[in-house]
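Trainee: Mapping the sequence shown onto numbering that gives the first Met the number 0, position 142 (from 1) lands on 141, and the numbers just tick up by one. Yeah, the Cβ is synthetic: ideal placement off N, Cα and C, and Gly gets one too. Handing you a structure now.
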Amino acid sequence: MFIPLYDTNRLRHIRLQYVTIGLIVVNALAYLATTVGGEQFTNAAVLGLGYIPSVVHHTAQLDPRFVVIPESLSYLTYSFLHADIFHLGGNMLFLWVFGDNVEDALGHLRYLIFYLACAVAGAFFQGLVAWDSQVPLIGASGAIAGVVTAYLILYPRVKVWVLFLARIPLRIPAFIPLLLWIVFQIVMFAAGGEDQISWACHVGGIIAGAVLVVVLRSRGVPLLAPADVEPDAPSDPTPGVAEPDPRPAAPPPHRWGRGSAPGSD
0 MFIPLYDTNR
10 LRHIRLQYVT
20 IGLIVVNALA
30 YLATTVGGEQ
40 FTNAAVLGLG
50 YIPSVVHHTA
60 QLDPRFVVIP
70 ESLSYLTYSF
80 LHADIFHLGG
90 NMLFLWVFGD
100 NVEDALGHLR
110 YLIFYLACAV
120 AGAFFQGLVA
130 WDSQVPLIGA
140 SGAIAGVVTA
150 YLILYPRVKV
160 WVLFLARIPL
170 RIPAFIPLLL
180 WIVFQIVMFA
190 AGGEDQISWA
200 CHVGGIIAGA
210 VLVVVLRSRG
220 VPLLAPADVE
230 PDAPSDPTPG
240 VAEPDPRPAA
250 PPPHRWGRGS
260 APGSD
């Protein structure tokens with residue numbers, strides 16, 4: 000429906016969104032590492048590092064050949080695996096456009112905690128809905144859903160550039176595409192949408208993002224902030240020219256004693 004391109008929201012509290020950049024790099028490296036060995040190696044990585052509800056809930060056992068981490072760690076590791084380059088690229092595009100300002104509002108460490116907690120929440124909710132599922136869950140979508148929700152709550156009126164229907168560029172307030180995106184995830188989850196997409200994971204990330212952004216935002220960061228001001232520009236069309244002072248110049252004070260004005264202590 001909408002593909003985000005960039006926003007007009009400048010950073011206010013940090014100089015560089017290095018956690019967001021780091022997450023993108025780690026996701027890209029994880030994708031390369033799990034695909035370089037061919038399809039068989041990729042499948043083994045998905046089974047060993049993906050979140051499998053039935054395995055975590057002990058209603059099924061994973062083949063010992065694929066056990067590489069404790070089951071509980073898969074609540075996190077699944078979010079760094081992606082099925083293909085389009086899966087990876089879509090998630091990282093959303094993270095690049097919206098993650099920097101959420102990091103700015105939360106601070107580096109709290110933003111990292113926020114991101115990972117949304118990933119865990121996505122897997123947890125998926126596990127609640129599909130308790131005995133033996134299908135591995137992979138992808139950063141749960142964490143991204145949390146980031147998108149946080150951005151909506153923090154900056155609903157900031158203008159963003161998006162591609163509508165993948166071809167029409169539009170500059171619109173953030174709440175239009177983001178609210179539509181969130182509603183779409185919830186509707187698809189309620190309607191039991193495509194089995195290949197873990198809608199429950201998205202909804203879990205949305206819920207976590209809505210709660211955690213309120214708790215973790217830095218002191219003084221408002222919710223529902225107004226639209227960002229475009230690049231700072233002076234209101235006077237003739238910058239640099241001082242206005243004359245209409246008041247008459249005061250006469251210099253008389254000097255007494257050692258240079259003190261009359262009446263001074």
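Measuring CB to CB, does residue 143 end up less than 9 Å from residue 94?
Mentor: For residue 143 and residue 94, yes; Cβs fall inside 9 Å.
Trainee: Please confirm if the region 150 to 166 is in contact with the region 66 to 76, defined as three or more CB-CB distances below 8 Å between the two stretches.
Mentor: Result no; under three Cβ-Cβ pairs closer than 8 Å.
Trainee: If you run the structure through DSSP and keep just helix, strand and coil, what is residue 235?
Mentor: Summary for residue 235: the model assigns pLDDT 45, below 50, so the residue's position carries little reliability, and this model does not support an answer.
Trainee: Pull up the DSSP beta-bridge partners for residue 160, would you.
Mentor: Note: residue 160 sits in a beta bridge opposite 5 and 170.
Trainee: Could you give the distance in angstroms between the alpha-carbon of residue 87 and the alpha-carbon of residue 26?
Mentor: Each residue's Cα considered, the two are about 8 Å apart.
Trainee: Going along the chain, which residues of its own chain have a beta-carbon closer than 7 Å to the beta-carbon of residue 257, five neighbours each way excluded?
Mentor: Annotation note: pLDDT 38 at residue 257 (below 50); position unreliable, coordinate value reported separately. For residue 257, where only same-chain residues beyond five positions count, there are no Cβ hits under 7 Å.
Trainee: DSSP state of residue 87, grouped into three classes?
Mentor: Three-state result, residue 87: helix.
Trainee: Against chain B, does residue 69 count as a neighbour if the rule is that its beta carbon must be under 9 Å from one of theirs?
Mentor: Note that chain B does not occur in the displayed structure, where there is just one protein chain.
Trainee: Determine the direct distance from the alpha carbon of residue 105 to that of residue 13, and round the result to whole angstroms.
Mentor: Answer to the nearest angstrom: the Cα atoms are 10 Å apart.
Trainee: My assumption, with CB atoms under 8 Å, is that residue 215 sits in contact with residue 51. Please give the rounded CB distance.
Mentor: Actually they are not in contact, since the Cβ atoms of residue 215 and residue 51 sit about 29 Å apart, beyond 8 Å.
Trainee: Taking DSSP's pairing of strands, which residues face residue 136 in a bridge?
Mentor: Residue 136 pairs with 50.
Trainee: May I ask you to verify whether the region 201 to 214 touches the region 117 to 127, counting CB pairs closer than 8 Å and requiring at least 3?
Mentor: The region 201 to 214 is in contact with the region 117 to 127.
Trainee: Return the CA-CA distance between residue 54 and residue 198, expressed in angstroms with no decimal places.
Mentor: Approximately 20 Å, taken between the alpha carbons.
Trainee: Do residue 33 and residue 80 have their beta-carbon atoms positioned less than 9 Å apart in this structure?
Mentor: Closer than 9 Å, so yes.
Trainee: Which of helix, strand or coil does DSSP assign to residue 20?
Mentor: Here residue 20 sits in helix by DSSP.
Trainee: On the CB-based measure, 16 or more other CB atoms within 10 Å of its CB, does residue 182 come out buried or exposed?
Mentor: Residue 182 should be labelled exposed.
Trainee: The alpha helix (DSSP H) with residue 199 in it runs from where to where?
Mentor: Residue 199 -> alpha helix (DSSP H) spans 198 to 215.
Trainee: Taking residue 35 as the reference, give the member of 83, 4, 192 and 59 with the closest Cα.
Mentor: When only C-alpha atoms are compared, the closest one is 83.
Trainee: Considering only residues of the same chain and omitting the five flanking positions on each side of residue 135, which have a CB-CB separation below 8 Å?
Mentor: Result list for residue 135: 45, 46, 49, 50, 51 and 77, in chain order.
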